[in-house]
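Quick notes on the structure that follows.
Number of protein chains: 2
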Amino acid sequence: MDLVTIYWENKAVHLIDQTLLPSEEKVISITDYTDLAEAIKKLKVRGAPAIGVAGAFGMALASTYSKKTDKTDFLKEMAEAGDIIAATRPTAVNLFWALKKISDVIMENKDREIVEIKRLILEKALQIWKDDIDICNSIGKNASVLFRSGDRILTHCNAGSLATVKYGTALAGVYYAFNEGKSIEVYADETRPLLQGARLTSWELNKSGIPVTVLCDNMSASLISRGKINKIIVGADRIAANGDTANKIGTFGLAIIARYHNIPFYVAAPLSTFDFELTDGSKIPIEQRSSEELSYFNKKRIIPEGVRIYNPAFDVTPSNLISAWISEKGIAEKAEKFKEWL
Amino acid sequence: MDLVTIYWENKAVHLIDQTLLPSEEKVISITDYTDLAEAIKKLKVRGAPAIGVAGAFGMALASTYSKKTDKTDFLKEMAEAGDIIAATRPTAVNLFWALKKISDVIMENKDREIVEIKRLILEKALQIWKDDIDICNSIGKNASVLFRSGDRILTHCNAGSLATVKYGTALAGVYYAFNEGKSIEVYADETRPLLQGARLTSWELNKSGIPVTVLCDNMSASLISRGKINKIIVGADRIAANGDTANKIGTFGLAIIARYHNIPFYVAAPLSTFDFELTDGSKIPIEQRSSEELSYFNKKRIIPEGVRIYNPAFDVTPSNLISAWISEKGIAEKAEKFKEWL
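Protein chains in written order, with the working numbering: chain A, 81 to 422; chain B, 81 to 422.
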């Protein structure tokens with residue numbers, strides 16, 4: 081998969097506007113960091129690792145276009161930019177991880193010239209971008225050993241190329257195994273309300289020549305019971321120290337259904353998704369999104385006025401329902417192994 | 081709930097076109113039985129018991145408007161009409177049950193005058209219609225004892241007034257308990273792909289003043305784990321002798337999630353839904369519907385060309401995941417009790 085979801089060029093961030101897919105493949109260019117924050121909020125760029133990269137690029141934009149000549153003013157502006165970008169989405173920890181990397185660079189070099197700090201911020205953002213590619217490639221290599229020819233793999237939401245710079249997390253192993261010549265096919269949950277599976281996962285797999293079938297989120301139990309799916313792999317937005325995993329709403333139910341049918345349920349994510357400061361998943365903040373994501377569809381109202389709507393973007397899957405976590409460091413079948421990855 | 085979903089008046093079948101809800105509440109009138117068959121196929125009328133009533137009314141239309149004067153020709157036309165109506169939807173057994181009731185009347189009276197047979201067919205169809213109201217009322221009374229003030233009840237698809245002539249099956253108990261003054265609220269799965277929960281269940285409950293919250297099909301595990309839902313009740317399209325229950329796709333997964341969280345999972349249905357000739361659920365035919373139900377939404381394509389789509393309309397929940405079945409005859413906690421209902 082040679083798709084690049086987000087990149088830096090000519091003092092601008094370029095990204096595929098994912099809200100337009102699959103009907104339109106359009107790269108938008110952003111030079112104002114507040115526009116980038118808005119793009120994250122509106123899910124023009126989404127997926128935990130991609131949000132991390134976007135956050136770092138947002139700081140690079142803020143710094144590149146800063147007109148401040150006074151150091152204190154400049155540092156204050158950078159802190160404000162960080163706050164604005166951090167306020168976009170609360171659950172994926174990769175965003176805060178990337179912003180911390182940038183703020184560490186600023187703090188460590190705060191006595192240097194502004195122009196020098198600007199250079200170092202951009203350098204760090206580009207490093208985060210490049211690392212994401214390498215990390216996803218390693219995740220793919222590590223996860224690929226879990227897949228054999230004939231596997232029919234279910235995934236939820238989009239944890240593919242579009243959720244990272246390239247390759248993806250959950251789908252990285254699928255791409256890797258496919259490129260090794262393994263004959264595998266993918267089932268993609270459509271993923272309500274925003275249809276990331278129907279719109280994005282199916283789009284990128286289809287583009288890569290990997291057979292993909294879309295199903296509604298409520299169809300997995302039926303498909304698994306009929307032997308059509310034998311493995312499940314998903315990405316993650318935040319993983320607590322005990323392995324409890326926040327991911328797109330619906331992941332928890334899917335893990336319960338996998339356990340009932342005794343098929344493996346894997347989580348693939350870069351180390352930047354692991355929040356070792358949280359002992360368990362109950363402390364992960366869950367983003368509640370607008371009720372209009374459910375009540376309207378393509379501008380048509382589908383839920384009557386006066387009806388309440390519940391729309392959490394994520395749920396938390398308990399550690400004991402997860403067969404293994406795959407990171408760039410390897411495969412962990414128990415959360416205890418996370419320690420070795422640090 | 082005083083809503084009447086379908087009725088016979090002035091030699092015509094009148095029904096609420098459910099494909100237009102919630103944006104438009106429109107009663108359509110049908111006099112040609114092939115139009116009625118089309119209305120069933122297109123889900124203008126849906127819900128297992130309502131389909132049964134519609135099927136019987138379809139036969140009444142075929143007979144009322146038959147121009148045949150020769151008995152053999154008339155009987156042949158009736159048989160053809162029965163075949164056309166039976167071919168609309170394969171899973172809900174109530175349709176075949178109702179058609180059998182009508183064909184029994186025809187067979188038992190085949191030596192009478194055509195005009196007399198026509199009168200008896202209409203009489204039987206009207207009896208099936210009236211019985212459905214009484215049966216749903218009894219189901220409601222029987223199911224209401226399962227609900228207490230403070231209950232937060234999840235339901236899937238629409239097994240309410242709109243799925244029957246009046247009152248509903250799964251929702252009949254909710255209406256009954258609400259009318260007894262119990263303070264209960266309902267959570268309605270939106271029910272992809274055709275959104276019967278978002279469009280229909282929320283509409284009729286809201287109209288009745290019962291608090292209702294819509295959620296995506298993939299959100300139930302999260303809500304139950306947070307204590308927001310403590311009981312689940314659904315309808316059924318066909319129940320095998322061992323209790324295996326076919327119902328709207330997604331029911332099976334929901335039952336697994338209920339068992340994981342140790343909350344009760346109830347099925348409410350009239351005896352006409354029980355297919356005692358089938359020993360278990362593996363023999364229930366599952367309707368596969370058009371891929372366009374997933375790939376388009378309000379005329380907008382949401383899944384790229386070339387991607388496969390899986391769209392079964394129903395799944396089968398194994399008997400052992402069901403806490404109890406509620407029919408007009410009472411509550412059965414084991415399938416063995418079905419025998420007492422015959």
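We put the CB at the ideal spot given by N, CA and C, even for glycine. Predicted, not measured: the structure shown is a model, and the values here were computed from it.
Query, Result
"Could you name the residues that DSSP lists as bridge partners for S241(A)?", "BP columns for S241(A) are empty, so no partner."
"For the stretch 374-389 of chain B, which residues have a CB atom closer than 9 Å to at least one CB atom of chain A, in sequence order?", "L374, S375, F377, N378, K379, K380, R381, I382, I383, P384, E385, G386, V387, R388 and I389"
"Can you tell me which residues form a DSSP beta bridge with T235(A)?", "A268(A)"
"Counting only beta-carbon separations shorter than 7 Å, does N400(B) have a partner in chain A?", "no"
"Taking a cut of 9 Å between CB atoms, which residues from the stretch 280-300 of chain B lie near chain A?", "S282, W283, L285, N286, K287, P291, V292, T293, V294, L295, C296, D297, N298, M299 and S300"
"Between the alpha carbons of E160(A) and E270(A), how many angstroms are there, rounded?", "37 Å"
"Just to confirm the assignment: which complete alpha helix (DSSP H) runs, minimum length 4, are found wholly within the stretch 168-203 of chain B?", "173-188"
"Looking only at DSSP bridge pairs, what is E89(B) linked to?", "A92(B)"
"What did DSSP end up calling T331(B) once you bin it into helix, strand or coil?", "helix"
"Can you tell me whether N378(A) is buried or exposed? The criterion is at least 16 other CB atoms within 10 Å of its CB, across all chains shown.", "exposed"
"Please state the DSSP three-state secondary structure of Q98(B).", "coil"
"Between L83(B) and chain A, is any beta-carbon pair separated by less than 7 Å?", "no"
"Could you check whether S403(B) and F345(B) sit closer than 7 Å to each other, using their CB atoms as the reference points?", "yes"
"Starting from P392(A), find everything on chain B with Cβ-Cβ shorter than 8 Å and list it in chain order.", "M299 and S302"
"Suppose contacts are defined by Cβ-Cβ distances below 7 Å. Is I383(B) in contact with V133(A) by that definition?", "no"
"Does chain B have any CB closer than 7 Å to the CB of A278(A)?", "yes"
"For a cutoff of 7 Å on Cβ pairs, would you count L234(B) as touching chain A?", "no"
"Taking C-beta to C-beta, are A348(B) and A250(B) nearer than 7 Å?", "yes"
"Quick check on V107(A): buried or exposed, where buried means 16 or more other Cβ atoms within 10 Å of its Cβ?", "exposed"
"Would you say I336(B) reaches chain A, if we count a Cβ-Cβ gap shorter than 7 Å as a contact?", "yes"
"For Y255(B), report the span of its alpha helix (DSSP H) as first-last.", "A250 to N259"
"What are the residues in the stretch 320-336 of chain B lying within 7 Å of chain A by C-beta distance?", "I329, G330, F332, G333 and I336"
"Just to confirm my understanding: we take S183(B), look at its own chain, exclude 5 residues before and 5 after, and list those with CB closer than 7 Å. What are they?", "G162"
"Note down, in chain order, all residues in the stretch 258-276 of chain A with a beta-carbon under 7 Å from any beta-carbon belonging to chain B.", "E270, R272, P273 and L275"
"Measuring CB to CB, does H236(B) end up less than 7 Å from K122(B)?", "no"
"Give me the chain A residues within the contact set of D231(B), using Cβ-Cβ distance strictly less than 8 Å, ordered along the chain.", "Ordered by position in chain A, no residue passes the 8 Å Cβ test against D231(B), which lies about 16 Å from the chain."
"Can you confirm whether D395(A), when its beta carbon is compared against all beta carbons of chain B, has any partner nearer than 7 Å?", "yes"
"So with Cβ pairs under 7 Å, would you call P350(B) a contact of chain A?", "no"
"By DSSP's criteria, G230(B) is part of a beta bridge. Which residues make up the other side?", "According to DSSP, which records beta bridges pairwise, G230(B) is partnered with nothing at all."
"For Q368(B), I'd like the list of residues in its chain whose CB is within less than 6 Å of its CB, leaving aside the five on either flank, ordered along the chain.", "P392"
"What are the partner residues of S109(A), as DSSP defines its beta bridges?", "H94(A)"
"Name the two residues that bound the continuous alpha helix (DSSP H) containing F137(A).", "A128 to T144"
"Which residue from E118(B), F394(B), Y376(B) and S103(B) puts its Cα closest to that of T331(B)?", "F394(B)"
"Which one of Y390(B), I233(B) and C216(B) has the shortest CA to CA distance from A338(B)?", "I233(B)"
"Please state the DSSP three-state secondary structure of D211(B).", "helix"
"Which two residues bound the contiguous alpha helix (DSSP H) that contains A412(A)?", "It is not in any alpha helix (DSSP H) - A412(A) instead sits in the beta strand (DSSP E) that spans G410 to A412."
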